[in-house]
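Visitor:
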Amino acid sequence: MSDAFIELSPWQVAMAALLVVVSGLISLAMQLGLHRRLALASVRCVVQLVLIGLVLRWIFAPGTPWYVVVGLGTIMTMIAGVVAVDRSERRYAGIVLDSVISMWACAWLVTGVALLAVVRPEPWYRPQYAIPLLGMILANTLNGVSLGLNRFTREMTDRRAEIDTLLALGATRWEAARAAVQESIRTGMIPTINAMMIMGIVSLPGMMTGQLLAGVEPMQAISYQIIIMFFLAAATSLGTSGVVLLGYRRLFTAEHQFLPGRLVGKPKAESRKRGVAWRFWRG
């Protein structure tokens with residue numbers, strides 16, 4: 032079915048952009064104040080996708096060595112680990128390192144299983160498979176890690192009196208923190224589980240839709256989507272559990288003492304230190 036693929040011209044893309052203009056006009060008419068943000072988001076979307084397209088065209092070229100693929104994957108993982116912490120309202124020393132370690136371990140483990148045991152491309156580092164798989168796994172795991180971390184630091188703050196009481200009564204650090212840890216991991220897993228529950232009924236996922244548009248046989252596209260969802264569920268579970276447990280070990284001593292003083296609020300001046308161009312680009 033590969034002959035069913037339809038190439039898009041720049042004019043066809045421009046026609047699609049007119050729909051965004053309509054959205055901007057609605058914002059102006061309804062005085063929503065979103066037209067500038069919509070325009071900025073559209074420009075960012077185009078520029079970022081074009082840039083990554085140029086990078087992928089170079090990486091996807093025949094004969095790309097394995098270290099180039101691994102290098103790009105490393106950059107993607109580092110960025111994902113840092114971004115996952117950005118949403119957390121409270122921080123502790125080492126939180127970024129915990130996030131990067133968790134993202135790296137779970138995403139690369141699951142991607143490795145996908146490449147070496149399930150999909151098995153030749154060679155194993157074939158960029159057309161390795162980069163998209165790692166990217167999807169990182170993006171989904173990032174969401175779980177971010178939600179889990181934010182919930183964990185909040186639970187540790189809100190349950191401070193309860194944890195101190197349990198420790199004073201002779202509970203171990205795990206017994207005192209178990210409820211908070213469980214709730215945090217559960218929070219990070221919920222979006223992925225919800226997505227799996229409605230898959231194919233309410234939503235047609237992007238990967239499957241892209242393959243269908245490219246002319247792939249429907250059952251093959253569905254098979255790929257099924258294994259992708261299983262990969263995402265595994266990576267999110269491992270990543271969220273890992274980052275929460277690493278945080279738990281940083282906030283308790285081996286002598287079962289709780290260290291709430293290590294939790295601090297998100298620095299308010301963090302965004303002010305960035306340059307004007309960067310603040311504009313973020314919107």
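All you need for this note's numbering is the position in the sequence shown, starting with 1, plus 31. The C-beta atom is built at its ideal place from N, Cα and C for all residues, glycine as well.
How about Met167 and Leu263: do their beta carbons lie closer than 8 Å?
Guide: Translated into the one-based positions of the sequence shown, residue 167 becomes position 136. Translated into the one-based positions of the sequence shown, residue 263 becomes position 232. Cβ distance < 8 Å, so Met167 and Leu263 count as in contact.
Visitor: Excluding the 5 residues preceding and the 5 following Tyr156 in the sequence, name in chain order all residues of the same chain whose CB lies nearer than 6 Å to its CB.
Guide: Within the sequence shown, residue 156 is the residue found at index 125, counting from 1. Only Trp97 and Val100 meet the Cβ criterion.
Visitor: How would you label Pro158, buried or exposed, when you count the other beta carbons within 10 angstroms and need 16 or more for buried?
Guide: Position 127 of the sequence shown holds residue 158. Its Cβ being crowded by 16 or more others within 10 Å, Pro158 is buried.
Visitor: Is it buried or exposed, Leu146, if we count other Cβ atoms within 10 angstroms and call 16 or more buried?
Guide: Numbered from its first residue, the sequence shown carries residue 146 at position 115. Flag for Leu146 reads buried.
Visitor: Which complete alpha helix (DSSP H) runs does the segment 234-283 hold, if anything under 4 residues is left out?
Guide: Segments of the alpha helix (DSSP H) lying fully in the segment 234-283: 237-244 and 249-282.
Visitor: Measuring straight from C-alpha to C-alpha, what distance separates Glu206 and Met250?
Guide: Residue 206 sits at position 175 when you count from the first residue of the sequence shown. Residue 250 sits at position 219 when you count from the first residue of the sequence shown. Computed Cα separation, rounded: 47 Å.
Visitor: Within a Cβ cutoff of 7 Å, which residues of the same chain sit near Ser54, ignoring the five residues on either side of it in sequence?
Guide: As a first step, residue 54 is located in the sequence shown; it is residue number 23 there, counting from the start. Contacts found: Leu69.
Visitor: According to the neighbour-count rule (16 or more other Cβ atoms, all chains shown, within 10 Å of its Cβ), is Leu50 buried or exposed?
Guide: Stepping through the sequence shown from its first residue, residue 50 is reached at position 19. By the neighbour-count rule (16 or more Cβ atoms within 10 Å), Leu50 is not buried but exposed.
Visitor: Indicate the three-state DSSP secondary structure (helix, strand or coil) for Val52 in the structure shown.
Guide: As a position in the sequence shown, residue 52 is number 21, starting the count at 1. Correct three-state label for Val52: helix.
Visitor: In this structure, how does DSSP classify Val150 when only helix, strand and coil are distinguished?
Guide: The residue given as residue 150 occupies position 119 in the sequence shown. Coil.
Visitor: Assign Glu286 to buried or exposed, taking buried as 16 or more other Cβ atoms, counted over all protein chains shown, within 10 Å of its Cβ.
Guide: Counting from one through the sequence shown, the residue named residue 286 turns up at place 255. By the 10 Å Cβ count, Glu286 comes out exposed.
Visitor: Over the uninterrupted alpha helix (DSSP H) stretch that includes Gln79, give me the two end residues.
Guide: The residue labelled residue 79 in the question sits at position 48 within the sequence shown. Segment His66 to Ile90, the alpha helix (DSSP H) holding Gln79.
Visitor: Around the C-beta of Gln242, are 16 or more other C-beta atoms found within 10 angstroms, so that it is buried, or is it exposed?
Guide: As a first step, residue 242 must be located in the sequence shown, where it is residue number 211. Its Cβ being crowded by 16 or more others within 10 Å, Gln242 is buried.
Visitor: Can you give the Cα-Cα distance for His66 and Thr203, rounded to whole angstroms?
Guide: Within the sequence shown, numbered from 1, the residue matching residue 66 stands at position 35. Within the sequence shown, numbered from 1, the residue matching residue 203 stands at position 172. If you take the alpha carbons of His66 and Thr203, they lie about 54 Å apart.
Visitor: Decide if Arg190 is buried, meaning its Cβ has at least 16 other Cβ atoms within 10 Å, or exposed.
Guide: The count along the sequence shown starts at 1 and reaches residue 190 at position 159. Buried, because 16 or more other Cβ atoms sit within 10 Å of the Cβ of Arg190.
Visitor: Counting only the same chain and skipping the five closest in sequence on each side, list residues whose C-beta sits under 7 Å from that of Ile258.
Guide: As a working note, residue 258 is residue 227 in the sequence shown. Here the set comprises Val149.
Visitor: Could you give the first and the last residue of the continuous alpha helix (DSSP H) run that contains Ala192?
Guide: In the sequence shown, the residue the question calls residue 192 occupies position 161. Run containing Ala192: Arg191 to Ala199, per the alpha helix (DSSP H) assignment.
Visitor: Could you spell out where the alpha helix (DSSP H) holding Gln213 opens and where it closes?
Guide: Here residue 213 refers to the residue found at position 182 of the sequence shown. Its alpha helix (DSSP H) spans residues Arg204 to Ile229.
Visitor: Kindly list the residues whose CB is nearer than 8 Å to the CB of Gly94, restricted to its own chain and excluding five residues on each side of it in sequence; keep chain order.
Guide: Translated into the one-based positions of the sequence shown, residue 94 becomes position 63. No residues qualify anywhere along the chain.
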